[in-house]
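Colleague: My questions all concern the structure below.
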Amino acid sequence: MKLSTLSLALCLVASSLGIFTQAASATTISVKTEVVNIRVNTIAEGLENIWGMAFLPDGSILVTERTGRMRIISTTGKVGEPLTGLPPIVAKGQGGLLDVVLAPDFASSQKIYFSYTEPGEGDLSDSNSTAVSFATLNGNKLENLTRVFSQQPKINSNHHFGSRLVWAPDGTLFITLGDRYSEKDSAQTLDNHLGKVVRIHADGSVPKDNPFVNTTGALPEIWSIGHRNMQGAAINPNSKVLWTGEHGPQGGDELNIDQGGKNYGWPVITYGENYGGGKIGEGTHKVGMEQPSYKWIPSIATAGFIFYTGDKFPQWQNNILLASLKEKHSYA
Ligand SMILES: [Ca+2]
Numbered sequence: 091m092k093l094s095t096l097s098l099a100l101c102l103v104a105s106s107l108g109i110f111t112q113a114a115s116a117t118t119i120s121v122k123t124e125v126v127n128i129r130v131n132t133i134a135e136g137l138e139n140i141w142g143m144a145f146l147p148d149g150s151i152l153v154t155e156r157t158g159r160m161r162i163i164s165t166t167g168k169v170g171e172p173l174t175g176l177p178p179i180v181a182k183g184q185g186g187l188l189d190v191v192l193a194p195d196f197a198s199s200q201k202i203y204f205s206y207t208e209p210g211e212g213d214l215s216d217s218n219s220t221a222v223s224f225a226t227l228n229g230n231k232l233e234n235l236t237r238v239f240s241q242q243p244k245i246n247s248n249h250h251f252g253s254r255l256v257w258a259p260d261g262t263l264f265i266t267l268g269d270r271y272s273e274k275d276s277a278q279t280l281d282n283h284l285g286k287v288v289r290i291h292a293d294g295s296v297p298k299d300n301p302f303v304n305t306t307g308a309l310p311e312i313w314s315i316g317h318r319n320m321q322g323a324a325i326n327p328n329s330k331v332l333w334t335g336e337h338g339p340q341g342g343d344e345l346n347i348d349q350g351g352k353n354y355g356w357p358v359i360t361y362g363e364n365y366g367g368g369k370i371g372e373g374t375h376k377v378g379m380e381q382p383s384y385k386w387i388p389s390i391a392t393a394g395f396i397f398y399t400g401d402k403f404p405q406w407q408n409n410i411l412l413a414s415l416k417e418k419h420s421y422a
């Protein structure tokens, strides 16, 4: 059955509504489950695998289709033609055109930033990795395309691209990066971008206060390590710090308060197990590795989330609304 991806995305947010309450400084999260009735209005139809979206100042929406297209949906739901000017994109498996965000200075610069699966070149033409570029939006055209980040190394895998983009209050950009599934042990070492959060300036340069800039052999973009695949990330409006949501394997999806220089454990510690059963790593705790702030067993397949800061539902203020890729009802 072919579903409208946009209405599906909204359905997932709405029907998998988890309402989280947490204090700004807490390292664990209390969760309450509410039954809420939400009327879902389909805004637009016929789109394929929407992965990211960003609201433009006039209320229209930039959307990415994972298959490699970006479009603008007007405030009346009119679906625009695909934008021109995207870079080469590998649309296979979980890869393709992924997140999109406006630059903090979009009003003056017209810049947008987006993440995608970038093909390798030459001997690496069968391989790929997550990359981030910006471009200026001019009508239906993307111009002045500039790549600011390319995950290293490239891997022959169609899995675990991570790829959520979040601006920090200081104007730096966080990028979540998956372990590519076949390279999970690399999430523990500093010589690669697999299973990491990285932090860069808007022009792609490395902030001097990144945690590993003075560590020999470490890639200086790295912010935190020991991650599996993070498809959700947001800045907590109270504490102003990064939170990330992470897919576990079979069980053990996580929410983490994602601090610079910390090790979030994968694949040494996890609350999940191999698909079909079987232990992964050493257990659930280890000195020097962070516990998740919240975990789901069984997995809900945690995806995008936001901290709610609107004025329509005061009881949800600063709570997280989180999309699940598998649950169709509220979870306990
Ligand atoms: Ca973890």
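Counting from 1, position 223 in the sequence shown corresponds to residue 313 in this note's numbering; the numbering is continuous, with no gaps.
Each residue gets a CB set at the ideal place from its N, CA and C atoms; glycine is no exception.
What residue from Ser247, Ile140 and Val130 has the CA that sits closest to leucine 415's CA?
Modeller: Comparing Cα-Cα distances from leucine 415 to each of Ser247, Ile140 and Val130, the minimum goes to Ile140.
Colleague: What does isoleucine 179 pair with, by DSSP beta-bridge criteria?
Modeller: Beta-bridge pairing links isoleucine 179 to no other residue.
Colleague: Kindly list the residues whose CB is nearer than 6 Å to the CB of glycine 394, restricted to its own chain and excluding five residues on each side of it in sequence; keep chain order.
Modeller: For glycine 394, where only same-chain residues beyond five positions count, the Cβ hits under 6 Å are Gly322 and Ala413.
Colleague: Sorry if obvious, but does the Cβ on threonine 360 come closer than 7 Å to a heavy atom of ligand 1?
Modeller: The answer is yes for threonine 360.
Colleague: Identify which residue in Gly185, Pro357, Thr132 and Gly149 has its Cα closest to the Cα of arginine 254.
Modeller: The shortest Cα separation from arginine 254 among Gly185, Pro357, Thr132 and Gly149 belongs to Gly185.
Colleague: Could you compute how far the alpha carbon of tryptophan 406 sits from the alpha carbon of isoleucine 396?
Modeller: C-alpha separation (whole angstroms): 11 Å.
Colleague: Measuring only the C-alpha atoms, how far is serine 164 from valine 125?
Modeller: Looking at the two C-alpha atoms, the distance is approximately 31 Å.
Colleague: Excluding the five sequence neighbours on either side, which residues of its own chain have a C-beta within less than 6 Å of the C-beta of alanine 113, listed in chain order?
Modeller: Below a pLDDT of 50, predicted positions are generally treated as unreliable, and alanine 113, at 39, falls in that range; no measurement from the model is reported.
Colleague: Taking the beta strand (DSSP E) that serine 198 falls in, what are its first and last residues?
Modeller: Taken as a continuous stretch (DSSP letters only), serine 198 belongs to no beta strand (DSSP E), being part of the alpha helix (DSSP H) at 196 to 199.
Colleague: Report buried or exposed for serine 198, applying the criterion of at least 16 other Cβ atoms within 10 angstroms of its Cβ.
Modeller: Serine 198 is exposed by the Cβ-count criterion.
Colleague: Does the segment 228 to 238 come into contact with the segment 311 to 330, if we say contact requires no fewer than three beta-carbon pairs (one atom in each stretch) closer than 8 Å?
Modeller: These segments do not touch.
Colleague: Alpha carbons only, please: which of Gly335, Thr207 and Val153 is nearest the one belonging to serine 389?
Modeller: Answer by Cα proximity: Gly335.
Colleague: With distance defined between alpha-carbon atoms, name the residue in Ala221, Gln242 and Gly316 nearest to aspartate 275.
Modeller: Minimum Cα distance to aspartate 275 is reached at Gly316.
Colleague: If contact is defined by three or more beta carbon pairs under 8 Å, each pair taking one atom from either stretch, is the segment 339 to 351 in contact with the segment 370 to 389?
Modeller: Counting Cβ pairs under 8 Å, three or more are found: they touch.
Colleague: Of the residues Ile179, Ala225 and Gly261, which one's Cα is nearest the Cα of aspartate 216?
Modeller: Residue Ile179 is the option with its Cα nearest to aspartate 216.
Colleague: In whole angstroms, give me the CA-to-CA distance for valine 153 and glutamate 138.
Modeller: Each residue's alpha carbon lies about 10 Å from the other.
Colleague: Give every residue of the same chain whose Cβ lies closer than 8 Å to the Cβ of tyrosine 398, excluding the five residues on either side of it in the sequence, and list them in chain order.
Modeller: Correct list, in chain order: Trp406, Gln407, Asn408, Asn409, Ile410 and Leu411.
Colleague: Specify whether the segment 189 to 197 and the segment 255 to 267 touch according to this definition: at least 3 beta carbon pairs, one from each stretch, less than 8 Å apart.
Modeller: They touch, by the three-pair rule.
Colleague: Just to confirm the assignment, what range does the beta strand (DSSP E) spanning leucine 173 have?
Modeller: Unbroken run through leucine 173: none, as it is neither H nor E.
Colleague: Could you please give me the residues that DSSP links to arginine 237 through a beta bridge?
Modeller: For arginine 237, which the question treats as bridged, DSSP gives the partners Ser223.
Colleague: Looking at the structure shown, is glutamine 405 part of a helix, part of a strand, or coil, going by DSSP?
Modeller: Helix at glutamine 405.
Colleague: Closer than 8 Å is the cut-off here; do at least three beta carbon pairs connect the segment 288 to 295 with the segment 235 to 249?
Modeller: Yes: the two stretches touch, three or more of their Cβ pairs being nearer than 8 Å.
Colleague: Give me the residue from Arg318, His337, Gly350 and Gln340 with the minimum Cα distance to valine 331.
Modeller: When only C-alpha atoms are compared, the closest one is Gly350.
Colleague: Quick one: which unbroken beta strand (DSSP E) runs of 3-plus residues sit fully inside the segment 307 to 395? Chain order, please.
Modeller: Segments of the beta strand (DSSP E) lying fully in the segment 307 to 395: 312 to 314, 319 to 325, 332 to 337, 343 to 347 and 384 to 386.
Colleague: Considering only C-alpha positions, which residue in the set Tyr203, Phe251 and Lys352 is nearest to threonine 279?
Modeller: Here the closest residue by C-alpha is Lys352.
Colleague: Using DSSP bridges, identify the partner residues of arginine 156.
Modeller: The partner list for arginine 156 (beta bridge, DSSP) is empty, contrary to what the question assumes.
Colleague: Would you report the Cα separation of asparagine 423 and lysine 298, rounded to the nearest angstrom?
Modeller: Missing from the structure shown is residue 423; the chain here goes from 91 to 422 and no further.
Colleague: Would you grab the beta carbon distance between proline 357 and alanine 277 for me? Rounded to a whole angstrom, and I think it's under 8 Å.
Modeller: About 6 Å; that satisfies the 8 Å criterion.
Colleague: Given a threshold of 16 other Cβ atoms within 10 Å of its Cβ, counted over all protein chains shown, does glutamate 208 qualify as buried or as exposed?
Modeller: Buried, since its Cβ has 16 or more Cβ neighbours within 10 Å.
Colleague: Do glycine 342 and lysine 385 have their C-beta atoms closer together than 8 Å?
Modeller: Yes, they are a contact pair.
Colleague: For glutamate 344, is the beta carbon positioned less than 7 Å from some heavy atom of ligand 1?
Modeller: The answer is yes for glutamate 344.
Colleague: With 16 other CB atoms within 10 Å as the buried threshold, where does phenylalanine 145 fall?
Modeller: Phenylalanine 145 is exposed by the Cβ-count criterion.
Colleague: Assign alanine 193 to one of three DSSP states: helix, strand, or coil.
Modeller: Reduced to three states, the DSSP call for alanine 193 is coil.
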